[in-house]
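Read through the structure below, which is laid out as structure tokens, and then see the notes.
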Amino acid sequence: GIQVEQSPPDLILQEGANSTLRCNFSDSVNNLQWFHQNPWGQLINLFYIPSGTKQNGRLSATTVATERYSLLYISSSQTTDSGVYFCAGTNYGGSQGNLIFGKGTKLSVKP
Amino acid sequence: KAGVTQTPRYLIKTRGQQVTLSCSPISGHRSVSWYQQTPGQGLQFLFEYFSETQRNKGNFPGRFSGRQFSNSRSEMNVSTLELGDSALYLCASSYSGGFTPQHFGDGTRLSIL
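Each protein sequence line maps, in turn, to chains X and F.
FYI, in our numbering the residues of the first sequence are -5 to 105.
FYI, in our numbering the residues of the second sequence are 687 to 799.
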């Protein structure tokens, strides 16, 4: 199956700073998604982005499927952005219901 | 629209017991997937159900099982609990499983004593 590598593993930001999180896949993937897990354990779907670019407020994501990577941009970070960000996808051509997750990027935003 | 509902939120069991967790998907969603999250192994896929059929299964022992009902609600069962089963169990629903976003419930935190 595919391997998902996320970088950086940890990130500390001052409130108001911008950041870019990266996700690399070992092989072609389907159903690429980004999630945010807050300190209470809730896992929120941020983007479903198999290719192209999407924006939602201060967050945006870009997936370059041919080069097997995706980026998540956080602008003007806030303390509520703290938590762990995961990217996940499914094997290209395989069953679509089983997401394979990376180990996540733990983000801490300081006031 | 109501989100994905998992019950119970917290559970404490002892080794050797069995446990059943429940997941009610978003209305209209037919696919339910289960994941286990631990500090050491991260998020790992358990199984997926679609229209009452198990469509895919992860690499977990047979002690882990599940089912889906005609209303798309799903249950997972773990028998003969081991200390290593302590984890956050997350359920995700999606319209069809593939090519649609997955939305997660708040999880059931299972502790084995």
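Even glycine gets a Cβ: it sits at the ideal position worked out from N, Cα and C.
All values reported here derive from a predicted model rather than from experimental measurement.
| request: Would you verify that the beta carbon of residue 38 of chain X is, or is not, closer than 9 Å to some beta carbon of chain B? | output: Protein chains in the displayed structure are X and F, and chain B is not among them.
| said: With a threshold of 9 Å between beta-carbons, can residue 734 of chain F be considered close to chain X, or not? | reply: yes
| Going by Cα to Cα distance, which pick from X:18, X:77, X:42, X:29 is closest to residue 148 of chain X? | Nothing about residue 148 of chain X can be read from this structure; chain X reaches only from -5 to 105.
| message | What would DSSP say about residue 65 of chain X, mapped onto helix, strand or coil? | response | strand
| request: Indicate whether at least one CB of chain F lies closer than 9 Å to the CB of residue 42 of chain X. | output: yes
| said: Mapping the DSSP letters down to three states, classify residue 700 of chain F as helix, strand or coil. | reply: coil
| Taking a cut of 7 Å between CB atoms, which residues from the stretch 776 to 794 of chain F lie near chain X? | 776, 783, 784, 785, 787, 788, 789, 790, 792, 793
| In this structure, does DSSP put residue 73 of chain X in helix, strand or coil? | helix
| task | Using a cut-off of 9 Å between C-beta atoms, extract the partners of residue 731 of chain F located in chain X. | result | 91, 92, 93, 94, 95
| request: Output, in chain order, the set of chain F residues within a Cβ distance shorter than 9 Å of residue 35 of chain X. | output: 723, 774, 776, 792, 793, 795
| field | Proximity test, Cβ basis, 9 Å: residue 756 of chain F and chain X | value | no
| field | Sequence-distant residues of its chain with Cβ nearer than 6 Å to residue 710 of chain F (five each side left out) | value | 691, 759
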